[in-house]
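Structure first, commentary second.
4 protein chains.
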Amino acid sequence: MTPEPIRILVTGGTFDKEYNELTGTLFFHDTHIAEMLRLGRCLLDVEVRTLMMIDSLEMTDDDRRIIAEHCKSARESRIVITHGTDTMIETAGHLAREIQGKTIVLTGAMVPYKFGSSDGLFNLGSALAFVQTLAAGVYIAMNGRVFPWDRARKNRTQGIFESV
Amino acid sequence: MTPEPIRILVTGGTFDKEYNELTGTLFFHDTHIAEMLRLGRCLLDVEVRTLMMIDSLEMTDDDRRIIAEHCKSARESRIVITHGTDTMIETAGHLAREIQGKTIVLTGAMVPYKFGSSDGLFNLGSALAFVQTLAAGVYIAMNGRVFPWDRARKNRTQGIFESV
Amino acid sequence: MTPEPIRILVTGGTFDKEYNELTGTLFFHDTHIAEMLRLGRCLLDVEVRTLMMIDSLEMTDDDRRIIAEHCKSARESRIVITHGTDTMIETAGHLAREIQGKTIVLTGAMVPYKFGSSDGLFNLGSALAFVQTLAAGVYIAMNGRVFPWDRARKNRTQGIFESV
Amino acid sequence: MTPEPIRILVTGGTFDKEYNELTGTLFFHDTHIAEMLRLGRCLLDVEVRTLMMIDSLEMTDDDRRIIAEHCKSARESRIVITHGTDTMIETAGHLAREIQGKTIVLTGAMVPYKFGSSDGLFNLGSALAFVQTLAAGVYIAMNGRVFPWDRARKNRTQGIFESV
Chain B
-8 MTPEPIRILV TGGTFDKEYN ELTGTLFFHD THIAEMLRLG RCLLDVEVRT
42 LMMIDSLEMT DDDRRIIAEH CKSARESRIV ITHGTDTMIE TAGHLAREIQ
92 GKTIVLTGAM VPYKFGSSDG LFNLGSALAF VQTLAAGVYI AMNGRVFPWD
142 RARKNRTQGI FESV
Chain Z
-8 MTPEPIRILV TGGTFDKEYN ELTGTLFFHD THIAEMLRLG RCLLDVEVRT
42 LMMIDSLEMT DDDRRIIAEH CKSARESRIV ITHGTDTMIE TAGHLAREIQ
92 GKTIVLTGAM VPYKFGSSDG LFNLGSALAF VQTLAAGVYI AMNGRVFPWD
142 RARKNRTQGI FESV
Chain G
-8 MTPEPIRILV TGGTFDKEYN ELTGTLFFHD THIAEMLRLG RCLLDVEVRT
42 LMMIDSLEMT DDDRRIIAEH CKSARESRIV ITHGTDTMIE TAGHLAREIQ
92 GKTIVLTGAM VPYKFGSSDG LFNLGSALAF VQTLAAGVYI AMNGRVFPWD
142 RARKNRTQGI FESV
Chain H
-8 MTPEPIRILV TGGTFDKEYN ELTGTLFFHD THIAEMLRLG RCLLDVEVRT
42 LMMIDSLEMT DDDRRIIAEH CKSARESRIV ITHGTDTMIE TAGHLAREIQ
92 GKTIVLTGAM VPYKFGSSDG LFNLGSALAF VQTLAAGVYI AMNGRVFPWD
142 RARKNRTQGI FESV
């Protein structure tokens, strides 16, 4: 079971939000994915690409086309995408219509990685495991669970993903 | 893809080591698995049982029989075992000889969860994902990778698991 | 040098901001001062009172009157006030005009305590030390330094306090 | 109240212990004082010197002579020493006999800085405040309190410092 190469596409989301101590607001600076992979002592053959650094509420159709292009052109057939949770399913649907023959797992976090109580490292660990073992398709990995993209919805009241 | 119930068997290991501030040494108190599952906002149907709280260098054949008994008698067919890394493969071999028809994933940590730089949350996330998706068998999940139990060894010089 | 009793008055500020994972915004819930004192293994004779839980930009003259009343009526003559940094000096000035014969130290944080990179614990440690050793008066303790209230200003560009 | 320059002398102690993930033991690598000062956004005029990196149970009379020499020759009259708690008072006594006219504050930690639950940042904040405000003499700063060196003892059962 030699691990196949995996591409990680970074789009921002809560995962990568930081605290601006001058303004007291949250903002995007750099992705923390490389640091998280080091923390997890990850030894997978992983290539990380930052495509954008945005809140998923601001993601446009153009942004989704860019993500789909990168999924298509990637030489890897196993892809993890870090993404804000608010429109994760919308992006997943777009990718499902555009991409065939690849295993794509979208994941995110409810709390920024840099804050003490983040679920990010747990989610990244699960997403990287799911992407190695699932058949081609587009999936959401959150809360330790995995959903085919068209079987999940975000429950905004509870901040969780659930089956539909 | 409604998640099947998962049993987590806790045996101790670096995962759960804490710092005794009176003696300056590391010791076992209670498992941190429940806290880690909360941090990961885990919504799987998980039942956690603490079997022992030991360094895996001190694990005896009797201990391994106890673990095997719990794997057999568990009503769940998907089981994650947290375990010290030093003899993880030995325990995995014992379970492979004793248990049929269940997916068992052993995982651990190189750094205690309570220390800032632990790989524990990443490993737990990946182990819970692998246990949901892999066929029956006994596996090691470390460093983002998964190994059939008889295809892994711990490289003690580098503190990683690798294929054999 | 038996430590005199100290009163800590909590008013909120960045110190106590938390991340709301449902809305992705920062908010106030409960103070973390008791938790921080435990973390510091603090053995001073300290009484903590939460007066309000607000961003100091929203602090009104009425709020400042409440703080001054509590400083006056406290049986302790040594008082630490946790406060947002934006109007910390304004509150300090108000207290200096109203209170005589007590040592009052205001402190705060640039980053919330719950975020990994907070200066809060360092500032609380220094404020509790300054309040034990300084003569009566109103002071600002930030960045390891202490300033008489009328000799400090917040440099908003750099997020630090400096002498005037 | 322009802050006077402060020298920090690092001798090791629990403060600076790290976890060796290959051996599962604690060891000394580099001091974390600079990182802690950054975290505290410390703007004092501080010069940090590492004299040794040892457990204070292993500190010899020669080591104490080295520390005393550095205290004497330092151009600063305000000195903080980070030190293991086990023999902190012994070193303080040695310095008290050797050094006149300087304010020297020894501090330490019960839990290593790199572990989540360390008191180190709190203690460093208080030590830096005490050293700025106390008269010449040798002091112990722990648990938010300060003791003249000959009025403190470590209560090993509880892991705290108390008055004698």
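Protein sequences, first through last, are from chains B, Z, G and H. Quick note: the first sequence uses the numbering used here, first residue -8, plus one each step. Quick note: the second sequence uses the numbering used here, first residue -8, plus one each step. Quick note: the third sequence uses the numbering used here, first residue -8, plus one each step. Quick note: the fourth sequence uses the numbering used here, first residue -8, plus one each step. Glycine included, C-beta positions come from ideal geometry on N, C-alpha and C. In this text the structure is predicted, and so the values were computed from the model without any measurement.
Q: For L13 (chain Z), go through chain H and note every residue whose CB falls closer than 9 Å to its CB, in chain order.
A: Those within 9 Å of L13 (chain Z) in chain H are M101, R147, T148, Q149 and G150.
Q) How many angstroms separate the CA atom of I57 (chain B) from the CA atom of G150 (chain Z)? A) For I57 (chain B) and G150 (chain Z), the distance between alpha carbons rounds to 39 Å.
Q | Helix, strand or coil at T73 (chain B) according to DSSP, with G and I counted as helix | A | T73 (chain B): strand per DSSP, three-state reduction.
Q.
According to DSSP, F152 (chain G) sits in a beta bridge with which residue or residues?
A. Residue pairing from DSSP places F152 (chain G) in a beta bridge opposite G:K145.
(Q) Taking the straight line between their C-alpha atoms, what separation do you get for S23 (chain H) and A120 (chain H)? (A) With the sequence shown as reference, residue 23 (chain H) is identified as His, and Ser is not the correct amino acid for it. Distance between the alpha carbons of H23 (chain H) and A120 (chain H) is about 19 Å.
Q) Mapping DSSP to helix, strand and coil, what is T22 (chain G)? A) Here DSSP, grouped into helix, strand and coil, assigns T22 (chain G) to coil.
Q. Between the stretch 137 to 145 of chain Z and the stretch 138 to 147 of chain B, do three or more beta carbon pairs fall short of 8 Å?
A. Under the 8 Å Cβ criterion, the stretch 137 to 145 of chain Z does not count as touching the stretch 138 to 147 of chain B, having fewer than three qualifying pairs.
Q) Three or more C-beta pairs closer than 8 Å, one from the stretch 40 to 52 of chain B and one from the stretch -2 to 8 of chain B: is that the case here? A) Because the criterion of three Cβ pairs below 8 Å is met, the stretch 40 to 52 of chain B and the stretch -2 to 8 of chain B touch.
Q | Residues within the stretch 67 to 83 of chain G neighbouring chain B, beta-carbon criterion of under 8 Å | A | Correct list: empty, as no residue qualifies.
Q: Could you work out which residues of chain Z lie near P106 (chain H), taking near to mean beta carbons separated by less than 7 Å?
A: Note on identity: in this sequence residue 106 (chain H) is Phe, with Pro being the wrong assignment. Result: Y10, K105, F106 and G107.
Q.
I'd like to check one pair, S47 (chain G) with T78 (chain G): are the Cβ atoms closer than 8 Å?
A. Yes, the pair counts as a contact, with Cβ atoms nearer than the cut-off.
Q) How many Å lie between G135 (chain B) and S108 (chain H) at the Cα? A) When rounded, the distance between both Cα atoms is 27 Å.
Q) Hey, how far is the Cα of G75 (chain G) from the Cα of L17 (chain G)? A) Their backbone Cα atoms lie some 14 Å apart in a straight line.
Q. What does DSSP give as the partner residues of G3 (chain G) in its beta bridges?
A. Beta-bridge pairing links G3 (chain G) to G:I45.
Q. Would you call the stretch 27 to 39 of chain Z and the stretch 122 to 137 of chain B touching, i.e. three or more CB-CB distances under 8 Å?
A. Yes: at least three Cβ pairs fall under 8 Å.
Q. Taking the DSSP output, what are the residues bridged to F138 (chain G)?
A. Beta-bridge pairing by DSSP links F138 (chain G) to G:I131.
Q: Following the continuous alpha helix (DSSP H) through I95 (chain G), name the residue where it begins and the one where it ends.
A: I95 (chain G): not part of any alpha helix (DSSP H); member of the beta strand (DSSP E) spanning T94 to T98, first to last residue.
Q.
Pop quiz: E67 (chain G) and P(-4) (chain G) are said to be a contact at Cβ under 8 Å. What is the actual Cβ separation, rounded to whole angstroms?
A. Confirmed, Cβ separation roughly 5 Å.
Q. Alpha helix (DSSP H) containing E81 (chain H): first to last residue?
A. Annotation for E81 (chain H): the continuous alpha helix (DSSP H) segment containing it runs M79 to E89.
Q: List the residues of chain D whose Cβ lies closer than 7 Å to the Cβ of T5 (chain B), in chain order.
A: The chain inventory of the structure shown lacks chain D, comprising the protein chains B, Z, G and H.
Q | Simplified DSSP state of T124 (chain B), which is helix, strand or coil | A | When DSSP states are grouped into helix, strand and coil, T124 (chain B) belongs to the helix group.
Q) Relative to the alpha-carbon of N11 (chain B), which residue among G:L125, G:N114 and G:F106 has its alpha-carbon at the smallest distance? A) Of the candidates G:L125, G:N114 and G:F106, G:F106 places its Cα closest to the Cα of N11 (chain B).
Q | Enclosing beta strand (DSSP E) for K8 (chain H) [first to last residue] | A | Here the beta strand (DSSP E) through K8 (chain H) covers K8 to N11.
Q | V37 (chain Z) classed as buried or exposed, judged by whether at least 16 other C-beta atoms fall within 10 angstroms | A | V37 (chain Z) is buried by the Cβ-count criterion.
Q) Closer than 8 Å, CB to CB, is G128 (chain H) near chain G or not? A) Chain G, which has no Cβ nearer than 8 Å to the Cβ of G128 (chain H), makes this no.
(Q) So, for I72 (chain H): in the same chain, excluding its five sequence neighbours on each side, which residues have a beta-carbon less than 6 Å away from its beta-carbon? (A) For I72 (chain H), where only same-chain residues beyond five positions count, the Cβ hits under 6 Å are L0 and L97.
Q. What does L17 (chain Z) pair with, by DSSP beta-bridge criteria?
A. Answer by DSSP bridge pairing, in chain order: Z:Y10.
Q | Of the listed residues Z:A100, Z:T82, Z:P(-6) and Z:E26, nearest to E49 (chain Z) (C-alpha basis) | A | Per the Cα distances, Z:T82.
Q | is_contact[S117 (chain Z), chain B] using C-beta, thresh 8 Å | A | Answer yes: the Cβ-Cβ gap between S117 (chain Z) and chain B drops below 8 Å somewhere.
Q. Taking the alpha helix (DSSP H) that R55 (chain H) falls in, what are its first and last residues?
A. R55 (chain H) -> alpha helix (DSSP H) spans D52 to S64.
Q.
So if DSSP puts R40 (chain H) in a beta bridge, which residue, or which two residues, is it bridged to?
A. Answer is H:L0, bridged to R40 (chain H).
Q | Closest residue to T51 (chain G) among G:H85, G:I70 and G:F19 (Cα-Cα distance) | A | Considering only alpha carbons, the answer is G:H85.
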